[in-house]
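Residue numbers (this note's numbering): 208 to 630. Structure record follows, encoded as structure tokens.
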Amino acid sequence: MNVLLLGSGGREHALAWKMAQSPLLDKLYIAPGNAGTATVGTNLPISATSFDEIKEAVKKYDINLVVVGPEDPLVKGVHDFFLADSELKNIPVIGPQKYAATLEGSKEFAKNFMIRHNIPTAKHFTVTAENLAEGFAFLDTQVAPYVLKADGLAAGKGVLIINDLQEAKTELQNMLQGKFGDASKTVVIEECLKGIEMSVFVLTDGESYVLLPEAKDYKRIGEHDTGLNTGGMGAVSPVPFADKALMTRVEEEIIKPTVAGLKKDNIPYCGFIFFGLMNDNGTPKVIEYNVRMGDPETEVVIPRIKSDLLKLFVAAANKTLSKETIEIDEQSATTVMAVSGGYPEAYEKGKVITIDSEISDSIVFHAGTTLDGQEVKTSGGRVLTVTSLGKDKNAALELSYKNIKKIQFDKMYYRRDIGVDLG
Ligand code: AMP
Ligand code: GLY
Numbered sequence: 208m209n210v211l212l213l214g215s216g217g218r219e220h221a222l223a224w225k226m227a228q229s230p231l232l233d234k235l236y237i238a239p240g241n242a243g244t245a246t247v248g249t250n251l252p253i254s255a256t257s258f259d260e261i262k263e264a265v266k267k268y269d270i271n272l273v274v275v276g277p278e279d280p281l282v283k284g285v286h287d288f289f290l291a292d293s294e295l296k297n298i299p300v301i302g303p304q305k306y307a308a309t310l311e312g313s314k315e316f317a318k319n320f321m322i323r324h325n326i327p328t329a330k331h332f333t334v335t336a337e338n339l340a341e342g343f344a345f346l347d348t349q350v351a352p353y354v355l356k357a358d359g360l361a362a363g364k365g366v367l368i369i370n371d372l373q374e375a376k377t378e379l380q381n382m383l384q385g386k387f388g389d390a391s392k393t394v395v396i397e398e399c400l401k402g403i404e405m406s407v408f409v410l411t412d413g414e415s416y417v418l419l420p421e422a423k424d425y426k427r428i429g430e431h432d433t434g435l436n437t438g439g440m441g442a443v444s445p446v447p448f449a450d451k452a453l454m455t456r457v458e459e460e461i462i463k464p465t466v467a468g469l470k471k472d473n474i475p476y477c478g479f480i481f482f483g484l485m486n487d488n489g490t491p492k493v494i495e496y497n498v499r500m501g502d503p504e505t506e507v508v509i510p511r512i513k514s515d516l517l518k519l520f521v522a523a524a525n526k527t528l529s530k531e532t533i534e535i536d537e538q539s540a541t542t543v544m545a546v547s548g549g550y551p552e553a554y555e556k557g558k559v560i561t562i563d564s565e566i567s568d569s570i571v572f573h574a575g576t577t578l579d580g581q582e583v584k585t586s587g588g589r590v591l592t593v594t595s596l597g598k599d600k601n602a603a604l605e606l607s608y609k610n611i612k613k614i615q616f617d618k619m620y621y622r623r624d625i626g627v628d629l630g
């Protein structure tokens, strides 16, 4: 079969790398892809949100299945676009329709879904310009720190965690007045959860699901979790504290009620669900839903899956996931992200990337790279990530750090403490 994958990050390189190993695959196309995806498939110079151009490509390359990497095309309705088009409607899309994608696209929608289906999450109160006084009153009932979230998508930047009550009130007003554009015209104030975060993933067909390996990502730019939030600077899987007891609670209290809740609400869902969780001493709570895989979590989750991912996608599309099992590698996987100097603030692009010698005991997944003739150049903040497998986390980390040293580009930076907090 021929597959079209939408997206261009490290997540997409990992998905492409895995699908390229499937005996079910004939040709793999990636729109737009990066210099890494070009080594396992054919890149198409089409944006992941240019639906008309995607349609042309699907017809031209005789595509049988579409896999959506990032949230943007999902929230903009790429799946609905296929269903509404007589020529595309029978081509399965892995990734939910627009309404279901609101689980990620609106914090308020996600909160109401969780309350309706009794899924543990932080207490919240929703504020718009109309009920600001009630918002202030809710903040008065909370203890510091105060969590303010833009309702809509804000490129991962729409969450403020503030220690001072007066500052929280001022920022609430700033947000309502457009600090994050339209995304913060509605603000969700949340109780601040305590504990350690982790990411859990399923692939679901709306009836059943397969549980993928869990992961922990490292969001801050600086070592020891300091400085600004980024898309993610590294990841580890498995997560040592995610023992059987915790994962049983996650499945029973969070995953199963979520999949059953979608069904009860008549929301069809074919694709990944990413549960951003807080583990409060063995009690898991949902911080957020995403309707896609995480990045860089995918770069440690996918290499631990031994089963044929494309076969699982076909089963999800046919609603036969209940008949599938997933085989997971017992080894640990780690990934360390190399970023452009300055990221997550302003940074330069177009730097030539060189690799000293062949890297054979790690996988280099490209994130923000492009091919310029024969040269690979940087084209984003997160540039590439070095994934390794090992008998335990430390063995994997040793390989990732040994091999990242073989890669150079001007002003390259990476964190040297990925996984260290996990003992
Ligand atoms: P989100 O975009 O909802 O994932 O939030 C971004 C980050 O803010 C999360 O990864 C957490 O580190 C933090 N965060 C969000 N909501 C809460 C909460 N209710 N309590 C504590 N931390 C939170
Ligand atoms: N690494 C977090 C995310 O993909 O949202």
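Don't be surprised by glycine CBs; every beta carbon is placed ideally from N, CA and C.
Contact set for P551: own chain, Cβ-Cβ below 8 Å, skip 5 residues either direction: I428, L435, N436, T437, G438, G588
heavy atom of the ligand AMP below 7 Å from K422 C-beta: Looking at the sequence itself, residue 422 is Ala, so the reference to Lys does not match. It does not: the Cβ of A422 is nowhere closer than 7 Å to a heavy atom of the ligand AMP.
Validate contact between the segment 411 to 427 and the segment 598 to 615 using beta carbons, cut 8 Å, 3 pairs: no
8 Å Cβ shell around L453 - same chain, five flanking residues per side excluded: N486, G489, P491
Residues bridged to V546 [DSSP beta-bridge criterion]: R589, Y620
C-alpha gap between S569 and F332, whole angstroms: 46 Å
Cross-strand partners of E552 (DSSP beta bridge): BP columns for E552 are empty, so no partner.
Through-space distance from K612 to Q581, alpha-carbon basis: 22 Å
Residue burial classification, N525 (beta-carbon count within 10 angstroms, cutoff 16): exposed
Segment limits, alpha helix (DSSP H) that includes M440: M440 -> no alpha helix (DSSP H), and no H or E assigned at all.
Helix, strand or coil at I562 [DSSP, three-state]: strand
Same chain, Cβ closer than 6 Å to E573, five either side skipped, listed in chain order: For the record, residue 573 in the displayed sequence is His; it is not Glu. Once the five neighbours on either side are set aside, the close Cβ partners of H573 are H220, N241, A242, G243, L591.
Own chain partners of T246 with C-beta closer than 6 Å, once the 5 adjacent residues on each side are dropped: none
Classification of N250 by the beta-carbon crowding that lies within 10 angstroms, buried from 16 upward: buried
Check: L400 C-beta below 7 Å from any heavy atom of the ligand AMP: yes
D515 versus P230, R218, N209, residue with shortest Cα-Cα distance: P230
Own chain residues within Cβ distance below 6 Å of S415, not counting five before or after: L528, S529
Outcome for I326 when other beta-carbon atoms lying within 10 angstroms are tallied against a minimum of 16: buried
heavy atom of the ligand AMP below 7 Å from G312 C-beta: no
Span of the alpha helix (DSSP H) around L290: 285 to 290
Near the ligand GLY: D502 beta-carbon under 7 Å from a heavy atom: yes
Three-state secondary structure (DSSP) of L606: helix
Contacts around D502, its chain only, beta-carbon distance under 7 Å, and the 5 residues preceding and following it disregarded: G216, G217, R218, G438, G439
Beta-carbon contacts of D233 that lie in its chain and below 8 Å, excluding the five residues immediately before and after: M208, N209
Which residues DSSP lists as bridging E404, in chain order: M485
Proximity below 8 Å, CB of T542 to CB of G630: no
Any non-hydrogen atom of the ligand AMP within 7 Å of V354 CB: yes
Closest residue to V366 among K314, Q373, Q349 (Cα-Cα distance): K314
Beta-carbon proximity check, A223 vs L235, cutoff 8 Å: yes
Contact test: A329 Cβ vs the ligand AMP heavy atom, cutoff 7 Å: yes
Given 8 Å, three or more beta-carbon pairs between the segment 384 to 392 and the segment 337 to 354: no
N436 Cβ short of 7 Å to the ligand GLY heavy atom set: no
Proximity below 8 Å, CB of L419 to CB of I494: no
K492 - partner residues in DSSP beta bridges: M485
Proximal residues to V274 (C-beta, below 6 Å), its chain only, five neighbours per side dropped: L212, I301
CB of P303 within 8 Å of CB of H286, strictly: yes
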